[in-house]
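Protein chains in written order, with my numbering: chain A, 147 to 512; chain B, 147 to 512.
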């Protein structure tokens, strides 16, 4: 185990901070930050903004110029050794004459996985790994989930009153939460490769499910809109079909898909599982399409189904300071949970006030 | 407006702190604290422990002895001028030779209301009032509510999962929250003159509704247990009837009350209001019996009814970090709320972790 100094920690913390600048634009690539330090001072910083554009190390080396010689590079993820859309970062690091590289975590991606570190070692460059590894991992949880498990990280968002209601029985639900919470949902969407909903929500709310906030640096990315619609009832007039970004409608069985295709949707014929499409297969397909994070914004049926099937990794609850009472819809339809022992414990990770609402972020423990 | 110094604030803050020592034992009297200060130093402290025993001022004067002469007394509530169970405090203050009295708030109780301050003035003692009045008022909210509005302060407690469930549909509900939260409920009970429930909860849970925690200084007080039971179905075998403390069963119409009386209950025949007893009249009767604070611990029917009728002043929600799903009972049955506009906003006063649960204290805004 390498002993890291306080200065090491400060530089890596800065690199992690830089990495988060790519949170809305870097995916499907991981967020990465890099700081080059010479004689205790930062001489170059970089972060990865967008797939196909230079990696964090390249940007930091460019900023450092000749100062990179003999300096130490702090990188939040193992530098790549493979030719992807850009030249390998290890080549650039070696060419710069860098003296040492400190890496927060090895790249879980098969084509990199240790080879970047090996290549640096082979060039006689000292490499220390594991500094702030937990922070680096939590930064790219979706990416890591996809490349190691072949499925995206699934985050389920729900807006409810303090007594757990998401709508009146009439369907009236606009709005449960205040504008600040709805604005915060835009950030959840912007960090997701896909937003998933059910056909029931399309009928009830005709949602847009796009990123509308101009202040977020998404580089023009829009999450893929995924609609679970086993019987292909999706109306060609659905609002989301006319918006920037793509819509994927997942059905099962034989249907005439051409009207929806003409309306701009991609229709995916999926295996059925019971009365719904096989959501596990859909998630695998999304991972195959390089989607790291899926945000589920759906009604009680789909949300409850996702929980019962244990597909939900993280729950984000926006809790409004209201009592809505009994003539309302619940958050989750979970017909298979009949005993108290069926309940699912949550590990609360974060609680904070968003405007007048409370946002609770939790992991579901199955 | 009197200008108070930092030292004044510190002494009154101490007096308020002393007052809270009586939170489980002083009712139906208000909590009161007193600090006697001479030449900037505290020479005597006192608080009111129990009805019939000396008031805070008397205890503080006893501690101060001759040092009271020319000193300043900081009292959280206007000293009494009437002969109740004890001699008036103003007489003792005057006799002690006290130089000045600083009072947080005037006593709202008719028999005192300004007369204590007048009597001190008449004896040539300077009196300043209003220092930390808001804190003093919130300390004795129940007492103030009773003497000014003729009804107790009503606090409704509910234990629920994060998705708003209080039990499985089977009735299984033990336990939604962890031991720490249930222990905290003991403190809510201990500060209440009465605990109210419905006959449905008696049938479902056969609750004790008493204070069992030995660490609380209640001086032997038990809250009055009040059961809303319009058709007088209360079983003579109900657990609470055999426990220390009194039980009041509120029914309407003609019933044979002798079996329940023999089992130790008091049966109150109330006016009916629709299908239930007139809860407003019950609350007035409880105030007449000198009950400052009522804690409602009931099922969705009574809890929802209390909310719909706008009887609830404060809501205390113990929220367990679990998802219980749809095959469950809701917190409140509110059949008359059908539109989103019917929901009741909450003013959140306090949120804190109690063990693994979250306690939310809020005022209901009607």
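Even for Gly, the Cβ is constructed at its ideal location relative to N, Cα and C.
- Listed in chain order, the non-local C-beta contacts of residue 480 (chain B) below 6 Å within the same chain comprise 450 and 454, local neighbours out to five positions each way being set aside.
- Residues of chain A whose Cβ lies closer than 8 Å to the Cβ of residue 506 (chain B) are, in chain order, 308.
- In this structure, residue 507 (chain B) and residue 456 (chain B) do not form a Cβ contact; the two beta carbons are roughly 18 Å apart against a cut-off of 8 Å.
- In this structure, residue 165 (chain A) sits near residue 202 (chain A), with a CB-CB distance shorter than 8 Å.
- Close to residue 477 (chain A), with beta-carbon spacing below 7 Å, are these residues of chain B in chain order: 309.
- It is roughly 10 Å from the alpha-carbon of residue 248 (chain A) to the alpha-carbon of residue 225 (chain A).
- Interface criterion met: the Cβ of residue 316 (chain A) is under 8 Å from a Cβ in chain B.
- Between the alpha carbons of residue 289 (chain B) and residue 344 (chain A) lies a distance of about 53 Å.
- Residue burial annotation: residue 220 (chain B) is buried, with at least 16 other C-beta atoms found within 10 angstroms of its C-beta.
- Counting along the chain, residue 384 (chain A) sits inside no alpha helix (DSSP H), nor does DSSP assign it H or E at all.
- When DSSP states are grouped into helix, strand and coil, residue 320 (chain A) belongs to the coil group.
- Between residue 450 (chain A) and chain B, the shortest Cβ-Cβ separation is below 8 Å.
- Between the segment 294-307 of chain B and the segment 439-446 of chain B, the count of Cβ pairs shorter than 8 Å is three or higher; the stretches touch.
- Taking the beta carbon of residue 409 (chain B) as reference, no residue of chain A falls within 7 Å; the closest one sits roughly 32 Å away.
- As a beta-bridge residue in DSSP terms, residue 220 (chain A) pairs with A:181 and A:248.
- Residues of chain A with a Cβ closer than 7 Å to the Cβ of residue 229 (chain B) do not exist, since the nearest Cβ in that chain sits about 46 Å away.
- Contact check for residue 340 (chain A) against residue 432 (chain A) passes: the beta carbons are separated by less than 8 Å.
- In this structure residue 170 (chain A) is buried. Its beta-carbon is surrounded by 16 or more other beta-carbon atoms within 10 angstroms.
- If you draw a straight line from the Cα of residue 293 (chain A) to the Cα of residue 320 (chain A), it comes to about 38 Å.
- Residues of the segment 469-495 of chain B whose Cβ lies closer than 7 Å to any Cβ of chain A, in chain order: 469, 470, 471, 472, 473, 476, 477, 478, 479, 480, 481, 483, 484, 485, 486, 489, 490, 491, 492 and 494.
- Under the Cβ distance rule, residue 441 (chain B) does not count among the residues neighbouring chain A, no pair being separated by less than 8 Å.
- Counting the other CB atoms within 10 Å of its CB gives residue 155 (chain B) a total below 16, which places it among the exposed residues.
- The residue among A:150, A:505, A:151 and A:512 with its C-alpha nearest the C-alpha of residue 331 (chain A) is A:505.
- Taking 8 Å as the upper bound for CB-CB distance, residue 379 (chain A) and residue 355 (chain A) are not in contact here, some 17 Å apart.
- Its Cα nearest to that of residue 416 (chain B), the residue B:396 stands out among B:409, B:406 and B:396.
- Counting every other CB atom within 10 Å of its CB across the protein chains shown gives residue 318 (chain B) a total below 16, marking it as exposed.
- Close to residue 302 (chain B), with beta-carbon spacing below 7 Å, lies no residue of chain A; the smallest spacing is near 10 Å.
- Beta-bridge analysis with DSSP links residue 460 (chain A) to A:301 and A:509.
- Here residue 495 (chain A) carries a strand assignment [DSSP, helix/strand/coil].
- Between residue 423 (chain B) and residue 376 (chain B), the beta carbon gap of about 5 Å places them in contact (Cβ cut-off 8 Å).
- Residue A:148 holds the alpha-carbon nearest to the alpha-carbon of residue 278 (chain A) among A:148, A:255 and A:476.
- Non-local beta-carbon contacts of residue 160 (chain A) in its own chain, meaning distances under 6 Å to residues more than five positions away in sequence, involve 181 in chain order.
- Closest in C-alpha terms to residue 176 (chain A), from the list A:284, A:476 and A:484, comes A:284.
- Under the 8 Å criterion on CB atoms, residue 204 (chain B) is classed as non-interfacial with respect to chain A.
- Straight through space, the alpha carbons of residue 365 (chain A) and residue 306 (chain A) are spaced by roughly 31 Å.
- Residue 455 (chain B): not part of any alpha helix (DSSP H); DSSP gives it neither H nor E.
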